[in-house]
Amino acid sequence: MFIKKLSFFTDREDKRTLALIFLLSLLIGFIELLGVASIVPFIGLLNDPDYIADNKYFLIINNYLLLEKDSLVFIAGIFMITTFITINLLNAFNLWITTKYGALLSHKISMMTSKSYLNQSYKYFVNADISSVSKNILEESGALSESIFIPFMQIISKVIIIILISSLLITVDFNVFIYALLIFVFIFIVLFTSIKNKIKRYGTLRLSANDVRFKSVNDCLGGIKDVKFYNAEQYYLDNFSNSQKDFLAYTVKCIVLSTMPRYIIEIIAFGGFFSVILYMKFIGADISLHLPIISLFILAAYRLLPAINQIYSLSSSLRFHMPALDIIHQVVTLKRNHMHNYNIEKMGPQIIFDDVSFSYNNQDPVLLNVNLEIKSSTINAIIGETGSGKTTLLDLLLGFYKPTSGKIKINESLVNHSNNKIKIGYVSQKVSFVDDSVAKNIAFGLSKDEINIEKINRLIDIVILKEVINMLPNKLNEKIGEDGAKLSGGQLQRIGIARALYLEPEILVLDEATNALDINTERLLFNSIKKHYKNITIIWITHRASSLSLCNNIYHLNKNNIKLVDNFKNNTTNDEYINKILTKET
């Protein structure tokens, strides 16, 4: 299952790179084997110049090379030095190629995660924790490469080295190797099984603490005005401090648990070797006879122990970050679920809601059997009490949600997923802005080269913003600040309307998108839009009675259903809700 999840993130090119890294690790392993093996003749010749004559393999090599004894010592030393230099150079190259591939893979996984999230419907984000989404995109997805893929490749590399060097030790002294192997396997199993569940649990707790960290920062910065006004800084600082402490505490615990066994293993290994040497000295054995083999086992231990410790540490890292792998795998395997875009090639005579009902998550219906017909080239107001379902009605039209039952038609065509041509302009209650130029906030989602400045100049004139823009130091290139902080609410709403009109829509949907404008500016704005877009259909949620005189039709949404207010003239009507808001404004 683990390998299957990892392979999901890799394509054919990735597999070729991984194969190259594997072959490089194999080459390093063989050269490492030569380096360790070369210690035997070198120490043997240093200790006894006749060592060659006592070893049939070295004797065959010497008979072929026909070298003097002193030359053999020199060549053995040069060979050993060259081998270790080559090993370190190849290890450096392997580190470079692995790190570079890891960075590319990190970018790829982050993009896969981002794409999977952005392919979800609006409803998904309504129910999602946005701080967790941010964390998964910015941190957890990228960390998979550093904490899962690279450690996994390094484990394979170390296993190759261990197998090759162990094979050499088996051929040199089978019994000693088996005894040492049994001891270290026992120690490794005891250590790993005693802490593996703790490490995984700490990994899960680290993930939860990281969620809280991101949420605390997002909530604080997202509502910074309220935070400053209500002096809530300390509350958010305390929240962040607690989650940050937890996050670091679990990370430290994992690092300590992953590292401590190294010292235990090294104490046992080197303590054991030197204890054997001291014992041999104590019983009067001739150590010089065994010096080459002892040197071989010491050098092998010097190479094997770091590899074993790294395998242990890397295995702990894998286990610690396994919850993150599970989450990111779940995200990137989410089924594609776009919002419903419509193809309105030629505007038909009407928009129709045919017996439409809708409820959130099987709760009581927000809309029940709604029937509505909106003719083209008209301005239509949707009014009603707060919570009556006005925004939900627009969300259904825009495709953010599917009706629980009933049909929505435009030009006699059902709403569907199949077309990406946007012919509907939309301005929400709270328009999102980026800390970029006025032009980029109007031509939202377009690169600098794609922006039509001539069109933008025409639009700022239409939405009564030309004078404001001309007063800015950099005109259309002026940055508007984080979430539009440098402009007023009314100016931002008009930029939002200009953004919607940039798409050349045939339907313009406004969800309380003019409530920051004064009555006179609002009237000038609508007259300007109708002048330049004679055939546009406007659907407009408003709570302002004075705005209703601008509309051709007024629809009152009340108690799950909707009705046309057909007698609103000269600010008089039989509709109780309209009369109530008229009374408030007079």
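According to the numbering used here, the sequence shown is numbered sequentially starting from 37.
Glycine included, each C-beta is placed from N, C-alpha and C at the ideal position.
Keep in mind it's a predicted model, so treat the numbers as computed, not measured.
- Task: Taking the CB atoms as reference points, tell me whether A479 and Y569 lie closer together than 8 angstroms.
- Result: no
- Query: Mind checking whether S349 and S294 have CB atoms under 8 angstroms apart?
  - Reply: yes
- Query: CA-CA distance, G178 and R48?
  - Reply: 20 angstroms
- Does the separation of the CB atoms of I291 and L227 fall below 8 angstroms? In terms of Cβ geometry, I291 and L227 do not form a close pair [threshold 8 angstroms].
- Query: Any idea if Q270 is buried or exposed, counting beta-carbon neighbours within 10 angstroms, 16 or more meaning buried?
  - Reply: exposed
- Give me the Cα-Cα distance between P297 and K251, rounded to the nearest whole angstrom. Between the alpha carbons of P297 and K251 lies a gap of roughly 36 angstroms.
- Item | Outcome for D400 when other beta-carbon atoms lying within 10 angstroms are tallied against a minimum of 16 | Exposed.
- Message: Starting from F185, trace the alpha helix (DSSP H) in both directions and tell me its first and last residue.
- Response: Element bounds for F185: n/a, residue is neither H nor E.
- Backbone CA spacing between S483 and F469 [nearest angstrom]: 15 angstroms
- Just mark D274 as buried or exposed, buried being the case when its beta carbon has 16 or more other beta carbons within 10 Å. By the neighbour-count rule (16 or more Cβ atoms within 10 Å), D274 is not buried but exposed.
- First and last residue of the uninterrupted alpha helix (DSSP H) at E68: 48-73
- To the nearest angstrom, report how far apart E548 and R530 are at their CA atoms. When rounded, the distance between both Cα atoms is 12 angstroms.
- Query: Going by Cα to Cα distance, which pick from D247, I304, I303 is closest to N278?
  - Reply: D247
- Taking the Cβ atom as the reference point for each residue, do I500 and L560 lie within a distance shorter than 8 angstroms? yes
- Message: On the CB-based measure, 16 or more other CB atoms within 10 Å of its CB, does P187 come out buried or exposed?
- Response: With 16 or more Cβ atoms within 10 Å of its Cβ, P187 is classed as buried.
- Message: Bridge partners for T573 per DSSP, in chain order?
- Response: I543
- Rounded to a whole number of angstroms, what is the C-alpha to C-alpha distance between L546 and K459? 14 angstroms
- Item | Assigned exposure category for E558 - 16 Cβ within 10 Å defines buried | buried
- Task: For K616, name the three-state secondary structure that DSSP assigns.
- Result: Residue state, collapsed to three classes: helix.
- In angstroms, rounded to a whole number, what distance separates the CA positions of T46 and A112? 44 angstroms
- Item | Residue(s) in a DSSP beta bridge with D390 | K443
- Message: Rounding to the nearest angstrom, what Cα-Cα distance links R339 and Y158 in this structure?
- Response: 55 angstroms
- Task: Determine, using beta carbons only, whether I444 and L430 come nearer to each other than 8 angstroms.
- Result: no
- Would T422 be called buried (16 or more neighbouring beta carbons within 10 Å of its own) or exposed? exposed
- Message: If you follow the beta strand (DSSP E) that A692 is in, where does it begin and where does it stop?
- Response: The structure shown has nothing for residue 692, since the chain only spans 37 to 622.
- Message: With a threshold of 8 angstroms on Cβ separation, who are the neighbours of T427 within its own chain once the five nearest residues in sequence on each side are excluded?
- Response: Q465, D547, I577
- Evaluate H592 with the Cβ neighbour count: other Cβ atoms within 10 Å of its Cβ, from every protein chain shown; 16 or more gives buried, anything less gives exposed. H592 comes out buried.
- Message: Using the three-state DSSP reduction, which class does K41 fall into: helix, strand or coil?
- Response: helix
- Message: In this structure, how does DSSP classify L501 when only helix, strand and coil are distinguished?
- Response: coil
- Item | Identity of the residues DSSP links to G461 by a beta bridge | L544
- For Y396, name the three-state secondary structure that DSSP assigns. Of the three classes helix, strand and coil, the one that applies to Y396 here is coil, per DSSP.
- Query: Residues bridged to S473 by DSSP?
  - Reply: K515
- Item | Simplified DSSP assignment, three categories, for K144 | helix
- Can you tell me which of N588, H579, Y462, S583 puts its alpha carbon nearest to the alpha carbon of E540? Y462
- Query: So the alpha helix (DSSP H) I624 belongs to, where does it begin and stop?
  - Reply: Residue 624 is absent from the model: the chain starts at 37 and stops at 622.
- So R580 packs on N551, CB below 8 angstroms; how close in whole Å? 7 angstroms
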